[in-house]
Every structure is written in C-alpha cells, then in structure tokens.
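These notes concern the structure reproduced below.
Here it is in structure tokens:
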C-alpha cells in the first residue's frame, strides 16, 4: 500500500488479458475521497428515516384524571344500523355518521343512500355506563357536526348485538 493513502482499501484486480499472468493488488485513488461522502450520505439517510417515522399524533383530548376505566373484560358492543334522514328527506350517500358516550365512541360509518351501517360501540369508562346515553352525529368529530334527534339508553348485552335505529338530523353540518 502506498504511504500516500494509509487508509486506502486494497483491491485485487484479476486481469482478463490472456497474455497477462501477473496478479496483484492495486489501490484505487478515488476510494479515500469517497469515504467522507459515503458517511454523509448514510447519515442523511438515517436522519431522513428517523424523521419520517415520527408523527405528531395528539393524545385523546379528555382529562385522564376524570377517566375511570371499566374493570374486567370490556362489555359487548352494540352494532347500530338503520335509515337516516336530513331535514325530513332520505340522507345522501357518502356522509359520515358516528356515535359517542362520554369517553367511548364508534368508528365512522360512511352512509349509503338513506341508510347507515356498522356503527359499533360500547362503553369504555365508568362514566359511560353511569351516564348511559349514546348520542349520534352527522359530520366529523374534529369539524362541524349535527346531533341526531334520537339517542340510545345503554344497557349491557351478553354478546355483540345488532340494533336497528333510524336517525333523523335537523340539517346538514355547516361546512
């Protein structure tokens, strides 16, 4: 190895020339210059991966001091479905309906023409059971929404239970 490149990588070059029978090692002069660039590229990729894997997910906004979870196994949920109207007319497709207790809530149900399906929820806190009233909403949790004229009084069920409940909303959400 050359004293000029003390950290150089030695590369064995095999000659493909039929007349050449000599084998030897040679150090490519560009390799030591590439090493700092390679380290920078790897570091930049590592930083990009770390930053790309983080998120700014905000915690659930209710006060955890007031939240007392239900002990033991969770109660079986009720699965709501039915017709829905807005201002007395059958509701259009592709609307969002959801249901909530105080702490527990359903996922979003995307409506079909005049009906909603698969609105699944059960209580998650002592307050949910004690309050026991489920409200139904048209719109989004984070944006505008309208409460249905109907509510549902919670009572425990032995297994997941389908419940037909028609909902009427006075108007569409303001948006």
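Numbering (this note's numbering), first residue to last: 258 to 432.
Just so you know, even glycine gets a beta-carbon here, dropped at the ideal spot from N, CA and C.
None of these values were measured; they are calculated from a predicted model.
| said: Tell me the rounded alpha-carbon separation between residue 408 and residue 324. | reply: So the two alpha carbons sit approximately 22 angstroms from each other.
| request: Take residue 394 as the anchor and find which of 361, 424, 347 and 411 has the nearest alpha-carbon. | output: Ranked by how close their Cα comes to the Cα of residue 394, the residues 361, 424, 347 and 411 have 424 in first place.
| field | Inter-residue spacing [alpha-carbon to alpha-carbon] between residue 398 and residue 291 | value | C-alpha of residue 398 to C-alpha of residue 291: approximately 53 angstroms in a straight line.
| With a Cβ-Cβ cutoff of 8 angstroms, do residue 429 and residue 385 count as a contact? | Taking 8 angstroms as the cut-off, the beta carbon of residue 429 is found no closer than this to the beta carbon of residue 385.
| query | In chain order, what residues of the same chain lie with their CB nearer than 7 angstroms to the CB of residue 438, ignoring the 5 residues before and after it? | reply | Outside the shown range of the chain (258 to 432) lies residue 438, about which nothing can therefore be said.
| request: Using only alpha-carbon positions, find the residue among 400, 305, 309 and 293 that is nearest to residue 355. | output: The closest CA to that of residue 355, considering only 400, 305, 309 and 293, is found on 400.
| field | Inter-residue spacing [alpha-carbon to alpha-carbon] between residue 314 and residue 379 | value | The pLDDT assigned to residue 314 is 49, lower than 50, so where the model puts this residue is not dependable, and the model offers no usable value.
| message | In this structure, how does DSSP classify residue 361 when only helix, strand and coil are distinguished? | response | Reduced to three states, the DSSP call for residue 361 is coil.
| query | Just reading off the alpha helix (DSSP H) that residue 387 is part of, what are its end residues? | reply | Its alpha helix (DSSP H) spans residues 383–388.
| task | Tell me where the beta strand (DSSP E) around residue 426 begins and ends. | result | It spans 424–426 - the beta strand (DSSP E) in which residue 426 sits, taken as one unbroken run.
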